[in-house]
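Asks: Quick note on our numbering: the sequence shown kicks off at 58 and runs consecutively.
Glycine included, each C-beta is placed from N, C-alpha and C at the ideal position.
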Amino acid sequence: MIAATSISAQVKTFRIALGSIMHESNSFNPAKTELADFEWVEPTLDRWGAGSTEVAGFVEEGRRQGWTMIPTVYSHAMPRGAVSRSAFEELAKRLVEGFEKAGQCDAILIALHGAMYAEDYPQGDEELIRRLRAKFPKPFPIVLTHDFHGNTSPAIVEMTNVLVSYKQNPHLDTKDRGVQAANILGRMLRGEVHPVQTIIKPDMVYNIVFQNTYGDPMKPLTQETFRMERENPKILAASVMGGYQYNDSPHMGPSVIVVTDGDRNLAEREAKRLSDMMWAQRDRLKLTLPQAAGAVTAAMGAAKFPVALFDIGDNVGGGSAGDSTFLLDELVKQKATGWVVVMYDPGAFAAAQKAGLDGAFDELVGGKSDKAHGAPVRVRGKVRSFHAGKYIETAVRHGGGKYWSMGHTAVIEAEGSTRDLSNYLVVTSERSSPNSIHQIVSLGIYPERQKILVAKGTIAPRAAYEPVAAEIVMVDTPGATSVNPGRYEFKEARQGMWGIK
Ligand SMILES: [Zn+2]
58 MIAATSISAQ VKTFRIALGS IMHESNSFNP AKTELADFEW VEPTLDRWGA GSTEVAGFVE
118 EGRRQGWTMI PTVYSHAMPR GAVSRSAFEE LAKRLVEGFE KAGQCDAILI ALHGAMYAED
178 YPQGDEELIR RLRAKFPKPF PIVLTHDFHG NTSPAIVEMT NVLVSYKQNP HLDTKDRGVQ
238 AANILGRMLR GEVHPVQTII KPDMVYNIVF QNTYGDPMKP LTQETFRMER ENPKILAASV
298 MGGYQYNDSP HMGPSVIVVT DGDRNLAERE AKRLSDMMWA QRDRLKLTLP QAAGAVTAAM
358 GAAKFPVALF DIGDNVGGGS AGDSTFLLDE LVKQKATGWV VVMYDPGAFA AAQKAGLDGA
418 FDELVGGKSD KAHGAPVRVR GKVRSFHAGK YIETAVRHGG GKYWSMGHTA VIEAEGSTRD
478 LSNYLVVTSE RSSPNSIHQI VSLGIYPERQ KILVAKGTIA PRAAYEPVAA EIVMVDTPGA
538 TSVNPGRYEF KEARQGMWGI K
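The structure is reproduced here in C-alpha cells:
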C-alpha cells in the first residue's frame, strides 16, 4: 500500500494555467495604446508553443514534465504610449477571468513584459499581479517571466514566487527563459526546491545604447549570471535586467533579481554583488554617438558596405512613431546612393498605389505622426513593387517572433539611383520593428548589394543586421526614443538617479 501511494504521488499530473500580456509602454509617447491595438493569440497549446517566445518555452517544458496545461489569455501590442485606462481595465479583467475559468490548478505560469505603463498604474504589470494575487492568495504559486527591459518593482517580486527575466539583448534566449521558469516551477511543485527571491535596483539608468549583452560593457554581467546558475546549485535563477528608460515610472531602471533554494542571505548577497558590478561601470556608460549628418557622411565614405545606420531616436520596437525623417533627409540632401529606408507612412503607400506599378512618385514622406520625428521629406522616384507586407522569420531573432506584418507596402526606387545601385524607399502601412532582415528581403531587396541600410531601432535589429552589415553605427537621432534621458522630464522616476542628467 505504501509503495502504491508513493508511486501515485510521483505520477501526480499537475494542472498549470498559462497566460501572458505583453506591453512595453513609452510614457513619453502621447499616442495611447488602446484595446484595439492588442492582438489575442488563439488559446491552443499548438499556437502558444510555436516560435521561440517564453510562452513557447513554458509549453515545451510543461510537455516534458507531463503537465496538463490550460492556456488562458495571451495578448500583446506593439510598443506605443501609455495603456489607456479602459484598455488596462479590460486587459486585467480578461486576464483574471481567464485564470478563474481555468478551474482547479496547481500554479500560474505567466509572462509579462515588466515595462507596461498604464494611465492609472505606472507599474502596470505590478497591478496585474496584484489583481491575480487577490484571487489566488499565497501560498498559491505564481511564477513570472519578464522581458530584459522590464522596470521591475520590489512589490512584484514580493507577490510572486519566482521571477525570471530574459538575460540577453537582443532577446535571443526568450524560449530558454520560459523553459527555465517552468522547470523551477516543476521542481517547486514536487517539493525539490523552495524558492526565495530578492531584488536590488542600482540607483542609475543603464542607457539602452549600452544594453547589448553580447558585447561590452554588459556582457560580463550577463555571463556572470550564467556562471552563478551553472556553478551554484542553490542559485535557481539570476537576472540582470537593463530596464526601460522611456518610462516615467517609480521603478524605472535596471534590476537585479536572484532566486535561491531557500537561502535568503545568499540571494541578497549575490544580488548586491551584481548590482555593485553594474554601478561600478558608470564611467563606461557615457554617450558619444554621431548625429545624423555626420553618420551619413561617414557611411558614404566607408571602406566596406553595407553600413547599417540605426535610427535610435525612432526605435519602433521601443514605442516610437516609425516615421522619423532625420536620416532620410540627410541621405537625400547628401545625394547618397544605394540606401534603403523603411518608413511607416500609409498616405505615401496610398499615393504609390494611385501611381501604379512603374508610376511616378513625388511625395512628402514621413514625419507625419507627431512633431518629434522631423519634417516630411520630399522623395521623387518610381514605384517598383507592391506587397501584402507579411513575412516569416525562421531564425531566432530578438523576441523570438516568427510571423511578421508591416501592412500593405510599396517599394519606391528613389531619384539618384543608378542602373547598378538603387535607392529604395519602402513605405509601409503598419509600424513594424526591423527585427528581421526579411522585412526587406521579402520585398526583393538584396541587403548585401546596398551601401547604407537604415534600421529604426537600437539593439533589437542587431541580430538581423549583423550577418549582412559590414558595420553597424548607432546614430544619436532625436525622437520619442532618443537615448539621452536628459531630454525628458522625469516626475515619477526616483530623483537623483545617475545617468538621467
Ligand atoms: Zn525588450
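#1: Give me the DSSP bridge partner(s) of M126.
#2: Please look up how many angstroms separate the CB atoms of F71 and D163, rounded, as I've assumed it's under 8 Å.
#3: Skipping 5 residues on each side, what residues in its chain have a beta carbon closer than 6 Å to that of L342?
#4: G76 to V98, Cα distance in whole Å?
#5: Would you check if the distance between the CB atom of V200 and the CB atom of A238 is smaller than 8 Å?
#6: For P535, collect the residues of the same chain with a Cβ closer than 6 Å to its Cβ; drop the 5 residues on either side in sequence, then sort them by chain order.
#7: Tell me whether D182, by its Cβ, gets closer than 7 Å to a heavy atom of ligand 1.
#8: What's the C-alpha gap between R435 and V353?
#9: Report the three-state DSSP secondary structure of N322 (helix, strand or coil).
#10: Tell me which residues share the same chain as A175 and place their Cβ nearer than 6 Å to its Cβ, disregarding the 5 neighbours each side in the sequence.
#11: Residues in the same chain with beta-carbon distance under 6 Å from P542, minus the five sequence neighbours each way, listed in chain order, please.
#12: Starting from the C-beta of G171, find all residues in its chain whose C-beta is less than 6 Å away, skip the five residues before and the five after it, and write them out in chain order.
#13: Collect the residues with a C-beta less than 5 Å away from any heavy atom of ligand 1 and give them in sequence order along the chain.
#14: Check whether the Cβ of G358 sits closer than 7 Å to any heavy atom of ligand 3, and report yes or no.
#15: Is the segment 105-122 in contact with the segment 154-168, if contact means three or more CB pairs nearer than 8 Å?
#16: Are at least three pairs of beta-carbons, each pair with one atom in the segment 447-458 and one in the segment 467-474, less than 8 Å apart?
#17: So is N480 buried or exposed if we call it buried at 16+ other beta carbons inside 10 Å?
#18: Using the beta-carbon count (16 or more within 10 Å), is A429 buried or exposed?
#19: Where do the ends of the beta strand (DSSP E) carrying Q254 lie?
#20: Taking the beta strand (DSSP E) that G614 falls in, what are its first and last residues?
#21: Is L342 helix, strand or coil when you go by DSSP?
#22: I need the DSSP call for T62, collapsed to helix, strand or coil.
#23: Which residue marks the beginning of the alpha helix (DSSP H) containing E288, and which one marks its end?
#24: Would you kindly report the start and end of the unbroken beta strand (DSSP E) that includes K447?
#25: Which of the three DSSP states, helix, strand or coil, is assigned to I494?
#26: Quick test of the definition: if touching needs 3 or more C-beta pairs under 8 Å, does the segment 328-339 touch the segment 361-377?
#27: Nearest to E91 by CA position, among P524, R234, M135, is which residue?
#28: Given that a residue counts as buried once 16 or more other Cβ atoms are within 10 Å of its Cβ, and exposed if not, what is A294?
#29: So the candidates are M173, V214, P211, A159; which of them puts its Cα closest to the Cα of K192?
#30: Given a cut-off of 8 Å, decide if L421 and I509 are closer than it, judged by their beta-carbon atoms.
#31: If you run the structure through DSSP and keep just helix, strand and coil, what is L152?
#32: Can you list, in chain order, the residues of its chain whose CB lies under 6 Å from that of A350, leaving out five sequence neighbours each side?
#33: F547 by DSSP, collapsed to three states: which one?
#34: By a C-beta neighbour count over all protein chains shown, 10 Å radius and 16 as the cutoff for buried, is P363 buried or exposed?
#35: What does DSSP give as the partner residues of D368 in its beta bridges?
Replies: From the atom records:
#1: Sequence index remark: in the sequence shown, residue 126 carries index 69 (1-based). Beta-bridge pairing links M126 to I73.
#2: Start at 1 with the first residue of the sequence shown, and residue 71 comes out as number 14. Start at 1 with the first residue of the sequence shown, and residue 163 comes out as number 106. F71 to D163, Cβ: 4 Å. Contact.
#3: Indexing the sequence shown from 1 puts residue 342 at position 285. Cβ within range, chain order: N264, F267.
#4: For the purposes of this step, residue 76 is taken as the residue at position 19 of the sequence shown. For the purposes of this step, residue 98 is taken as the residue at position 41 of the sequence shown. Roughly 10 Å between the two C-alpha positions.
#5: The sequence position of residue 200 within the sequence shown is 143, counting from 1. The sequence position of residue 238 within the sequence shown is 181, counting from 1. Yes; because the gap between Cβ atoms is below 8 Å, this pair is in contact.
#6: Start at 1 with the first residue of the sequence shown, and residue 535 comes out as number 478. The beta carbon of P535 sits closer than 6 Å to those of G370, all from its chain and outside the five residues before and after it, given in chain order.
#7: Numbered from its first residue, the sequence shown carries residue 182 at position 125. Checking every heavy atom of ligand 1 against the Cβ of D182, none is found closer than 7 Å.
#8: Here residue 435 refers to the residue found at position 378 when the sequence shown is read from its first residue. Here residue 353 refers to the residue found at position 296 when the sequence shown is read from its first residue. The alpha-carbon atoms of R435 and V353 are separated by roughly 18 Å.
#9: On the sequence shown, position 265 is the one that residue 322 refers to. In this structure, N322 counts as helix in the three-state DSSP scheme.
#10: For the purposes of this step, residue 175 is taken as residue 118 along the sequence shown, with counting starting at 1. The answer, listed in chain order, is V140, F145, G181.
#11: In the sequence shown, residue 542 corresponds to position 485, counting from 1. Excluding residues within five positions, the ones whose Cβ falls inside 6 Å are V262, Q302, I557.
#12: Locating residue 171 in the sequence shown gives position 114, where the first residue counts as 1. Excluding sequence neighbours, G171 sits near D182, H203, D204, G207, T209.
#13: D204, H206
#14: The model depicted lacks ligand 3 and carries ligand 1 instead.
#15: yes
#16: no
#17: Within the sequence shown, residue 480 is the residue found at index 423, counting from 1. Result: buried.
#18: For the purposes of this step, residue 429 is taken as the residue at position 372 of the sequence shown. Classification for A429: buried.
#19: Within the sequence shown, the letter at position 197 stands for residue 254. Note, Q254: beta strand (DSSP E), 252-257.
#20: Residue 614 falls outside the range modelled here, since the chain spans only 58 to 558, and no answer is possible.
#21: Within the sequence shown, residue 342 is the residue found at index 285, counting from 1. Of the three classes helix, strand and coil, the one that applies to L342 here is coil, per DSSP.
#22: Here residue 62 refers to the residue found at position 5 of the sequence shown. Note that T62 scores 43 on pLDDT, short of 50, meaning its location in the model is unreliable; the coordinates nonetheless yield the value given after this. Correct three-state label for T62: helix.
#23: Taking the first residue of the sequence shown as 1, we reach residue 288 at position 231. Per DSSP, the continuous alpha helix (DSSP H) segment holding E288 begins and ends at 276-288.
#24: For the purposes of this step, residue 447 is taken as the residue at position 390 of the sequence shown. K447 -> beta strand (DSSP E) spans 447-449.
#25: Counted from its first residue, the sequence shown places residue 494 at position 437. I494 falls in the coil class under three-state DSSP.
#26: no
#27: Start at 1 with the first residue of the sequence shown, and residue 91 comes out as number 34. Minimum Cα distance to E91 is reached at M135.
#28: Working through the sequence shown from its first residue, we reach residue 294 at position 237. Buried: at least 16 other Cβ atoms inside 10 Å.
#29: One-based indexing of the sequence shown puts residue 192 at position 135. For K192, the nearest C-alpha among the options comes from A159.
#30: Residue 509 sits at position 452 when you count from the first residue of the sequence shown. Residue 421 sits at position 364 when you count from the first residue of the sequence shown. No Cβ-Cβ contact shorter than 8 Å links I509 with L421.
#31: Sequence index remark: in the sequence shown, residue 152 carries index 95 (1-based). It is helical.
#32: Here the question's residue 350 lines up with position 293 in the sequence shown. Counting only Cβ-Cβ distances below 6 Å, and skipping sequence neighbours, we find E387.
#33: Here residue 547 refers to the residue found at position 490 of the sequence shown. In this structure, F547 counts as coil in the three-state DSSP scheme.
#34: As a position in the sequence shown, residue 363 is number 306, starting the count at 1. Under this definition P363 is a buried residue.
#35: As a first step, residue 368 must be located in the sequence shown, where it is residue number 311. Among the bridge pairs identified by DSSP, D368 is matched with V532.
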